[in-house]
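Each number in my numbering corresponds to the 1-based position in the sequence shown with 2 added. Data block below; observations after.
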Amino acid sequence: MRLLDKFELHQTIIDCVANYGFNPIGAEVQVSHSPTEGTVAGRPVVLAGTNNYLGLTFDPACIAAAVDAVEREGTGTTGSRMANGTYEGHKKLEVELAEFYGLGHAIVFTTGYQANLGMISTLAGPSEFIILDADSHASIYDGARLSGAQMFRFHHNDVADLDKRLTRLGERATETLVVVEGLYSMLGDLAPLREICDVTKRHGACLMVDEAHSMGLVGEKGRGQVEAQGVLDEVDFIVGTFSKSLGCVGGYCVSRHEMLDILRNSIRAYVFTASATPSVIASARMALDIVRHRGPELRDRLWSNARRVYDAVKSLGFDVGPEPSPVVAVIMDVDSTVAAWNALLEAGVYVNLVFPPAAPGRFGLLRCSLSAAHTDEQVDRIIEGYTLVHNIVGPARRVRA
Ligand code: PMP
């Protein structure tokens, strides 16, 4: 087989999916008018698949901070954090993140993907071990592969399986990094962090939690599942992103270990890539300030929207994720998922269409993410969209693809 032949199969899949109507692969949000309204495939839609959980992409204070920064400091840093790419804003954001979590140390990365890639591949090396939840994000898997460490997966959220794998490592469990997520992005389910933390500590391993989908969304101060489940002071590393609740782009790691500052210059995804632009850093700082000061009001609104959609979709008989959360996922066979995605778009509702391997198992996922910025009327429209879909494809058809 020639090098490029394998991509012909991808084209076949793209063509097949496009036969259903709109082509969902790489569907373009042609215009984004607000955090919750846009134009997709020429249609005005309610955006319900954006991870814009707090709706801050159009927040006037975030926009003003970004505009001010671009005017004062220019469009880019043109250098890596280690060279000319560390500005005052990057440093201040690190201090503010460390303060927000009440932990001593923070590093800001250019994306959340790079935060995971850089941290995981640096923390563990070829003679060591990484144990991952099987449903981990691609950036966690990629970091583990890049590290050269021996990698094991435990069954999703199965603490007994994690315990078994650590037990098998015996004394070498102390040379192990365990990585989990606080809230899993595809089904919206939570990790049992208390138990995971206890088991990891009992074996003397290190624990990293990716809070990409829960920072700003839960916890008394919005510090995510680590706060809500009372393990913030116990986990070793917390990784997150600015591309969801903070409404821009970038990533971070915070830790109680002083070691984080020493590690910094060994992280290749930090040293060998350009730093985030001044405007991005300025809007991330403002968004973090909003989480600190207006967080409770935004979280109440987000969770009330999330519960309404989850309850309505569940009562229609769809096979939803295990608990209400700002990610409402419906599991279906792949064909029904494509038909349902098209029907929702026709009804003016944009959600994410997810196929294996990004969707767990061999099913398709219709993934809706709610925002604090969704109005009651927009939530009504989302629910009406699912009612229509129910009439077209029927309730959950959890048939193997
Ligand atoms: N971790 C998780 C769990 C994610 O869902 C994502 C993004 N989808 C990332 C990390 C990467 O974040 P970013 O978009 O900032 O690269």
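Where a beta carbon is used, it is the ideal one built from N, C-alpha and C, also for glycine.
Residue i burial status per 10 Å Cβ neighbour count (16 or more: buried)
i: Leu6; result: exposed
i: Glu96; result: buried
i: Phe274; result: exposed
i: Met261; result: exposed
i: Val401; result: The pLDDT assigned to Val401 is 46, lower than 50, so where the model puts this residue is not dependable; a value taken from the coordinates is nonetheless given after this. Exposed: under 16 other Cβ atoms inside 10 Å.
i: Val69; result: exposed
i: Ser317; result: exposed
i: Gln13; result: exposed
i: Ile264; result: exposed
i: Gly51; result: buried
i: His215; result: buried
i: Ala361; result: buried
i: Lys246; result: buried
i: Gly387; result: buried
i: Leu119; result: buried
i: Gly127; result: exposed
i: Ala146; result: buried
i: Thr202; result: buried
i: Lys8; result: exposed
i: Ile333; result: buried
i: Ile16; result: exposed
i: Pro328; result: buried
i: Met210; result: buried
Whole-Å CB distance - residue i paired with residue j, under 8 Å assumed
i: Val241; j: Met84; result: Their Cβ separation, rounded to whole angstroms, is 19 Å, which puts Val241 and Met84 out of contact at 8 Å.
i: Gly218; j: Tyr55; result: 7 Å
i: Ile142; j: Leu148; result: Incorrect: roughly 11 Å between the Cβ atoms, too far for contact.
i: Thr124; j: Ile269; result: 5 Å
i: Val356; j: Met188; result: 6 Å
i: Leu168; j: Ala175; result: 5 Å
i: Gln227; j: Gly184; result: 3 Å
i: Val33; j: Thr41; result: 4 Å
i: His376; j: Asn307; result: 5 Å
i: Val353; j: Leu368; result: 6 Å
i: Phe244; j: Gly252; result: 4 Å
i: Thr79; j: Gly87; result: 4 Å
i: Thr59; j: Gly249; result: 4 Å
i: Val391; j: Ala342; result: 5 Å
i: Val72; j: Pro358; result: Not confirmed; about 41 Å, so no contact.
For residue i, the three-state DSSP class (helix, strand or coil)
i: Glu173; result: helix
i: Thr178; result: strand
i: Asn354; result: strand
i: Gln231; result: coil
i: Tyr186; result: coil
i: Ala214; result: coil
i: Tyr89; result: coil
i: Val237; result: coil
i: Asn242; result: With the sequence shown as reference, residue 242 is identified as Gly, and Asn is not the correct amino acid for it. Gly242 falls in the strand class under three-state DSSP.
i: Ser34; result: strand
i: Cys199; result: helix
i: Val322; result: strand
i: Ser123; result: helix
i: Ser247; result: coil
i: Val340; result: helix
i: Ser268; result: helix
i: Met3; result: coil
i: Ser138; result: coil
i: His12; result: helix
i: Asn118; result: helix
i: Gly145; result: helix
i: Ala162; result: helix
i: Arg167; result: helix
i: Ala2; result: Because the chain in this structure spans residues 3 to 403, residue 2 falls outside the shown range and cannot be described.
i: Val19; result: helix
Unbroken beta strand (DSSP E) run spanning residue i, endpoints
i: Phe111; result: His107 to Phe111
i: Tyr55; result: Careful: Tyr55 lies outside any beta strand (DSSP E) and carries neither H nor E.
i: Leu367; result: Gly366 to Ser371
i: Asp135; result: Phe131 to Asp135
i: Val256; result: Gly253 to Ser257
Endpoints, alpha helix (DSSP H) assigned at residue i
i: Gln380; result: Asp378 to Val395
i: Met288; result: Pro280 to Ser317
i: Arg74; result: Pro62 to Glu75
i: Asp263; result: Met261 to Leu265
Beta bridge counterpart(s) of residue i as assigned by DSSP
i: Glu48; result: According to the sequence shown, residue 48 is Val rather than Glu. According to DSSP, Val48 bridges with Glu39 and Val351.
i: Gln152; result: Phe131
i: Met334; result: Gly366
i: Thr275; result: For Thr275, which the question treats as bridged, DSSP gives no partner whatsoever.
i: Cys208; result: Leu179
i: Val97; result: In DSSP, Val97 forms no bridge with anything.
i: Ser82; result: Ala276
i: Val329; result: Ser371
i: Leu192; result: Leu185
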